[in-house]
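Participant: In my numbering, the protein residues as written are 1 to 173. Please find one structure pasted underneath; my questions will follow.
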Amino acid sequence: KLQAFACTGSRKPASGDGGFKPAPEVDVTHSHRFLRVELELNANLRRLTFSEPVQYVYNPLEYAWDTHRCYVETYCRAGQRFLFLGMNPGPFGMAQTGVPFGEVKTVVDWLKITGSVGRPDREHPNRQITGLACTRSEVSGQLLPLLRGPVLMFTCPLLVLSAVDGGQHGHML
């Protein structure tokens with residue numbers, strides 16, 4: 001269910017924001033409409049089935065909804081100039097944090113996102129979810145602070161793994 005609560009962490013953008021506009025405490029016109037669309041997407045994604053070699057499917061928009069919601073409420077607003085897209089979440093980025101390109105250090109220290117992260121129903125033994133406690137780095141997430149400030153970023157929410165923990169990208173499915 002969509003919850004219209006402000007995230008618990010700091011909602012102010014980092015300095016050097018490159019024209020970034022502060023968000024109101026709760027933006028029901030943009031961020032919550034986007035969250036509703038994501039909830040509908042999640043309902044449709046739950047119906048997907050995969051054949052071999054896929055053994056594990058993680059949807060961080062379900063088990064990391066709290067941090068993802070905080071991210072969307074903070075950064076999904078009218079007037080943004082950028083939209084970042086990715087193939088699928090990295091195992092040490094969005095899969096851990098619920099934030100696109102979301103390496104933990106970037107999410108916590110730069111984007112100022114807080115919240116709790118659960119776990120998928122079924123986890124690969126070598127790709128367990130530890131949420132904001134994850135100590136491994138996601139290379140794509142380390143690049144974001146090179147930008148002038150936090151910007152709007154969204155991606156496909158599914159991490160699809162084979163039994164040997166290799167990521168299964170779109171062309172492999």
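Cβ coordinates follow ideal geometry from the N, Cα and C atoms, glycine included. Predicted, not measured: the structure shown is a model, and the values here were computed from it.
Buried or exposed for P24, please, with buried defined as at least 16 other CB atoms from any protein chain shown within 10 angstroms of its CB.
Facilitator: Interpretation of P24 is limited by its pLDDT of 47, a score under 50 that renders its predicted location unreliable; the figure taken from the coordinates is listed afterwards. Burial call: exposed.
Participant: Quick check on DSSP: helix, strand or coil for V117?
Facilitator: Of the three classes helix, strand and coil, the one that applies to V117 here is coil, per DSSP.
Participant: What residues in its chain sit with their C-beta under 7 Å from that of V164, if we drop five residues either side in the sequence?
Facilitator: Taken in chain order, the list of residues that qualify is empty.
Participant: Give every residue of the same chain whose Cβ lies closer than 6 Å to the Cβ of D121, excluding the five residues on either side of it in the sequence, and list them in chain order.
Facilitator: Nothing meets the Cβ criterion.
Participant: With distance defined between alpha-carbon atoms, name the residue in H124, R77, A78 and A64 nearest to P102.
Facilitator: Here residue 102 is Gly; the residue named in the question, Pro, does not match the sequence. Out of H124, R77, A78 and A64, A64 has the C-alpha closest to the C-alpha of G102.
Participant: By Cβ distance, which residues of its chain are closer than 6 Å to T30, with the 5 residues on each side in sequence left out?
Facilitator: What sits at residue 30 in the sequence shown is His, not Thr. Hits under 6 Å: C76, R77 and A78.
Participant: Let me check one thing: in DSSP terms, what residues is S162 bridge-paired to?
Facilitator: Paired residues: V54.
Participant: Compare the Cα-Cα distances from R127 to each of S162, L48 and D66 and report the closest residue.
Facilitator: Ranking the options by Cα distance to R127, first place goes to S162.
Participant: What is the DSSP secondary structure of Q128, reduced to helix, strand or coil?
Facilitator: In this structure, Q128 counts as coil in the three-state DSSP scheme.
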